[in-house]
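Colleague: Questions regarding the structure given below will be posed in turn.
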Amino acid sequence: MPSEGASSTPLLEQYEGVKAQYPGHLVLFRVGDFYETFGDDAKLLARELEVVLTARAPDASGSRMPMAGVPHHAVESYLGRLVRKGYKVAVCDQVEDARFAKGLVRREVTRVVTPGTVVEERILPGADHNFLAAVVVPRSGPPAYSAVDITTGEWFHGVGSGPGAESAAAALAAFAPREVLYASDGADSIAVLSRTLRREFPVARLEPAPLPLAPSELPERISTAAGVAETTRESDARLAAYVRSTQPRLLPFLEVVEGPGARRLALDGKTLRHLEVTQSMNPDDPKGATLLSVWDESTTAPGHRTIAFWLRQPLADVPSIRGRLDAVEHLVGRGIGLRHGVERLRPFADVARIAARVAGRRVRPPELGALRESLSAANDLRAWLGGDELPDLLDQLRRRLAPLTELEALLGRALVPELPSAVDDGNLFRTGFDPTVDALEKEERDGLGALESLERREQETTGIRTLRVRYNQVFGYYFEVSRPNLPRVPAHFRRKQTVAQGERFTSEELAELERRILEARERRDHALGERWEELLAQIDRHVPAIHRLARAVGELDALVAFARLAQERGLARPEVDTSRSLTVRDGRHPVLDRLLAGRFVPNDTELDADGARVLVLTGPNMAGKSTYMRQLGLIVLLAQCGSFVPARFARVGVVSRLYTRMGFTDEIGRGKSSFMVEMSEVAEILRGSDAGSLVLLDEVGRGTSTFDGLALAWATLRYLHDRIGCRTVLATHYHQLTQLVESLPGARNAHLAVRESGDEIVFLHQVVPGSTDRSLGLHVARLAGVPSDLVRDAEQLLKRLDAGELPVAGSVRARGRSARYTQAILLPTDAGGSEVERALRELDPDRLAPLDALRWVTEWRRRLEGPGPEEDA
Ligand code: ADP
Ligand code: MG
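When we follow this note's numbering, the leftmost residue of the sequence shown carries the number 720, and every step to the right adds one.
Here it is in structure tokens:
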């Protein structure tokens, strides 16, 4: 007989068979109480989960197969960790009872878990959207994308704005997908596409897309979407194919919630990162403040998702934006009454996900209780909203909050008020809901009652007052008689077991009762399971309606949150129109304004694509240039989300596309040299923008030698001004650019004011017209604690430079030395001085990692000390 031990070769063959069916998956293979992996997968599992790597018994050839496993009861948390690390896991279970199996137990893959298709509460990372996406890059024309959150049922699709892999990545950026499927028959090879996606989504799981499903196999709510390009049909069909292979039960419940017609403010990944919309850019503080973290005043999980989604995908058409603003304004007008709305939102559970777990059959009874309570909360919410004189959007939301009467009645009829945590704990259904379950529960109760009276009867007839009927897993029911009472045990008791305190017996009557109870219990469990499944199947029909309800609640919650922000933070309703102007009075940076609590200096902005459209900003380091530019981008973004904005007044002519580029500080570690990155970014912007865009460029041309950079910045500025004509703010340390500005009719100079008194300088953080040619670098150096001798020395050099006594940039260039930064102009190139000084000059502090700096210092110290430190000792 083949054994089931982990040493049996047939077992390994079975495992290999499953592996072959699930290529690319990590297979967790149930053996006894563990999920095991073997071979390379075992090594991987041991490494990723820090579990022990063992080995099977040696086989015929004496080699030992590596093996690693996790206990079955903890599998969910291990699955969560694997999925977060980007693995795709197939869980293979025993599908017959090991006691009755002939030979090897039959095993099948019962679920596949991937980062983009999980629904389990304990695996999902919080309430955030969890997108799975597919992109298809066709031979010509723009790429198509589809994105779905299967836990909320929301399906989005459309096409990118230009051809090629970059455009595919940009189209998906706002979804922040956790898993991306890709296909290409365009000019970009599949390798280029996957590399581009990897750069944009460093932690997502990437995989070539599966073959598309046939149109007839697509869920109706996707296949019937109107106005869809042929390529989008393909990305839909490929995405659906993947969902079918991983979460087949959920496929029918997915629905297109926004078609290709929707107008969105286009934000690519870099812009989202630079503006720190949902992610902090500070590598030392990845959990630092973001726009989302200061703007998410939501009460419910769907509300949180809605705000995050809105911030990443603001609108770009005036009527929808005004619709939201009207709703927010109405809610602001409710004053203190807004609090009642929040109280009515509070009991609302994450019913979208509960519905997905119903559909995926991964739901626990208490979650249905939460669903039931949420449905009645939605009724309260609708009542709170009222019916009279609501602005359009709120009126629509009120209608979308219509009660799910049938479902409410079903849950009310079926379930007891306090639900058990698992189905077979029993006491789940109300009496009368299922006669079979009732009858079996009654039978079990009767049996237990009979047991009690038997116990009483035997106590009386034997006179043993302490005689008890007890139960354990191994021996079932038995009479327990303590040692001193043993002489009084009657003849019809049969001994079962001897224990320290006495003996355990059974009798014919007890055995019969036991059989009756256990049988009733088994049949009850079975009936409960069946009835539960039936109930879930009945709820299935309502899953799309629950998803829609959750979306309505989420949107209302987001609007309420915006209204509260407006009440609490002194925000203004922006005027949004189809003009090309952008006017802000006393604008503030939404995040810094919070962090600086009242010390933030507000600033104005005035741009108009039909007039003064370009602003060139100069000012010393730390004066507030970057802050000012981000603030402008964020105010536009918030206005187009339908939020009030941190300003006294704002007028926003709708922006169709927002670009921000912040020097070369970003994209480090994303695999390109900084100048190359900068130039490809500039190229992207010039290709992608038009008169409706807003372009914010911080320090263009820094990644190259002085004159290249200046020339490129100059030409870029002129191109934006003359050819594209979009609203532009450009911060620069090239003071030469301010001269160009004077020759361009649509460009203005501005700078950040500082106040100097004696040696002190104070950054006023105030944007004022005109240019400044003071870099104040030396002041900054002094403030930063650079030794005062050095600063004085630098002052002398600066004077000589100004007086033309030292060779400057021209000669730098003539000698072909790489002077990477403008600051290099300030340094005499005649490489005099000591070796250390020369080495120091060649050092590029902006790119020096702290550890390397330390190493550098140590190394020079060692050299200066000369050989043999022992001699000093
Ligand atoms: P720059 O880009 O000119 O070097 P930043 O925009 O990075 O300067 O600003 C540097 C610091 O100055 C910010 O971190 C912030 O603390 C402060 N700051 C900038 N703008 C303001 C402002 N308007 N009000 C108050 N503090 C500001
Ligand atoms: Mg800056």
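C-beta atoms are modelled at their ideal positions from N, C-alpha and C, and glycine is treated no differently.
Source: prediction; values computed, not measured.
In the structure shown, what three-state DSSP assignment does V837 receive?
Modeller: If DSSP states are grouped into helix, strand and coil, V837 belongs with coil.
Colleague: Buried or exposed: H1059, going by 16 or more other Cβ atoms within 10 Å of its Cβ?
Modeller: The residue in question, H1059, is exposed, as its Cβ has fewer than 16 Cβ neighbours within 10 Å.
Colleague: Taking the CB atoms as reference points, tell me whether I1265 and A1071 lie closer together than 8 Å.
Modeller: A contact, by the Cβ cut-off of 8 Å.
Colleague: So what's Q1216 in DSSP terms, helix, strand or just coil?
Modeller: Of the three classes helix, strand and coil, the one that applies to Q1216 here is strand, per DSSP.
Colleague: Going by DSSP, what residues sit across from S1480 in a beta bridge?
Modeller: Going by the sequence as given, residue 1480 is Ile instead of Ser. Per DSSP, E1475.
Colleague: Any heavy atom of ligand 1 closer than 7 Å to the Cβ of R1318?
Modeller: Under cutoff, so the answer is yes.
Colleague: Leaving aside the five residues before and after V1510 along the sequence, list all residues of the same chain whose C-beta is less than 8 Å from its C-beta, in chain order.
Modeller: Correct list, in chain order: L1497, A1500, R1501.
Colleague: Can you pull every residue whose C-beta falls closer than 6 Å to some heavy atom of ligand 2, listed in chain order?
Modeller: Checking every Cβ against the heavy atoms of ligand 2 under 6 Å gives K1344, S1345, D1417.
Colleague: Please look up how many angstroms separate the CB atoms of Y734 and F748, rounded, as I've assumed it's under 8 Å.
Modeller: Indeed they touch by this definition, with Cβ atoms about 5 Å apart.
Colleague: Jot down the residue ranges of each uninterrupted beta strand (DSSP E) in the stretch 1331 to 1367, minimum 3 residues, whole runs only, in chain order.
Modeller: DSSP runs (the beta strand (DSSP E)) wholly in the stretch 1331 to 1367: 1333 to 1337.
Colleague: According to DSSP, simplified to helix, strand and coil, what is F972?
Modeller: F972 falls in the helix class under three-state DSSP.
Colleague: Let me know if A1219 comes out buried or exposed under the rule of 16 or more other beta-carbons within 10 Å of its beta-carbon.
Modeller: Burial call: exposed.
Colleague: DSSP on G1306, reduced to helix/strand/coil?
Modeller: Strand at G1306.
Colleague: Would you please verify whether the beta carbon of V771 is less than 8 Å from any beta carbon of chain B?
Modeller: This model lacks chain B altogether, as it is built from one protein chain only.
Colleague: Check whether the stretch 1292 to 1312 touches the stretch 1135 to 1152, counting contact only when three or more Cβ pairs, one atom from each stretch, lie closer than 8 Å.
Modeller: Touching, no, given that fewer than three Cβ pairs across the two stretches are closer than 8 Å.
Colleague: Using DSSP with H/G/I as helix, E/B as strand and the rest coil, what is L900?
Modeller: In this structure, L900 counts as strand in the three-state DSSP scheme.
Colleague: Around the C-beta of P1033, are 16 or more other C-beta atoms found within 10 angstroms, so that it is buried, or is it exposed?
Modeller: Under this definition P1033 is a buried residue.
Colleague: I'd like the span of the alpha helix (DSSP H) that includes V1043, first residue to last.
Modeller: The sequence given here has Arg at residue 1043, not Val. Start and end: 1037 to 1051.
Colleague: Can you grab the Cα-Cα spacing for the pair G788 / Q966, in whole Å?
Modeller: Near 25 Å, if we compare the C-alpha coordinates of Q966 and G788.
Colleague: Hey, would you say T1155 sits closer than 8 Å to A1246, going by beta carbons?
Modeller: Cβ atoms of T1155 and A1246: closer than 8 Å.
Colleague: Could you spell out the range, first to last residue, of the beta strand (DSSP E) harbouring N1098?
Modeller: No beta strand (DSSP E) holds N1098; the alpha helix (DSSP H) holding it covers 1084 to 1104.
Colleague: Check G1489 in the structure and name its three-state DSSP category.
Modeller: If DSSP states are grouped into helix, strand and coil, G1489 belongs with coil.
Colleague: By how many angstroms is the C-alpha of A765 removed from the C-alpha of L969?
Modeller: L969 and A765: Cα-Cα distance of roughly 32 Å.
Colleague: Rounded to whole angstroms, how far is the Cβ of L772 from the Cβ of P785, which I believe are closer than 8 Å?
Modeller: Indeed, because the Cβ distance is near 6 Å, the residues count as touching under 8 Å.
Colleague: Could you give the DSSP three-state label for H744: helix, strand or coil?
Modeller: Coil, per DSSP.
Colleague: Under the rule that 16 or more other beta-carbon atoms within 10 Å means buried, what is V1193, buried or exposed?
Modeller: By the 10 Å Cβ count, V1193 comes out exposed.
Colleague: Which residues bound the beta strand (DSSP E) around E1294?
Modeller: Segment 1294 to 1296, the beta strand (DSSP E) holding E1294.
Colleague: Find the nearest neighbour of R1240 within the set D1165, G1042, D816, judged by alpha-carbon distance.
Modeller: Looking at the Cα atoms, D1165 is the closest of the given residues.
Colleague: Since I believe R1117 is in contact with L1109 (beta carbons under 8 Å), could you give me their beta-carbon distance rounded to a whole number of angstroms?
Modeller: Right, the Cβ-Cβ distance comes to about 6 Å (below 8 Å), so this counts as a contact.
Colleague: Count the other CB atoms, across all protein chains shown, that sit within 10 Å of the CB of T1491; report buried if there are 16 or more and exposed otherwise.
Modeller: Burial call: buried.
Colleague: Closer than 7 Å to a non-hydrogen atom of ligand 1 - does that hold for the CB of M1341?
Modeller: Checking the Cβ of M1341 against ligand 1 gives yes.
Colleague: Helix, strand or coil: how does DSSP classify Y1190 here?
Modeller: In this structure, Y1190 counts as strand in the three-state DSSP scheme.
Colleague: Can you list, in chain order, the stretches of the beta strand (DSSP E) that have 3 or more residues and sit fully within the stretch 1410 to 1465?
Modeller: As far as the stretch 1410 to 1465 is concerned, its whole beta strand (DSSP E) runs of at least 3 residues are 1412 to 1417, 1446 to 1450.
Colleague: Consult DSSP for S726 and reduce its assignment to one of helix, strand or coil.
Modeller: In this prediction, S726 scores a pLDDT of 49, lower than 50, which makes its location untrustworthy; no coordinate-derived value is stated.
Colleague: Starting from Q1257 and walking both ways along the alpha helix (DSSP H), at which residues does that stretch end?
Modeller: Run containing Q1257: 1227 to 1259, per the alpha helix (DSSP H) assignment.
Colleague: How should G1056 be labelled, buried or exposed, when 16 other C-beta atoms within 10 angstroms of its C-beta is the threshold for buried?
Modeller: Exposed.
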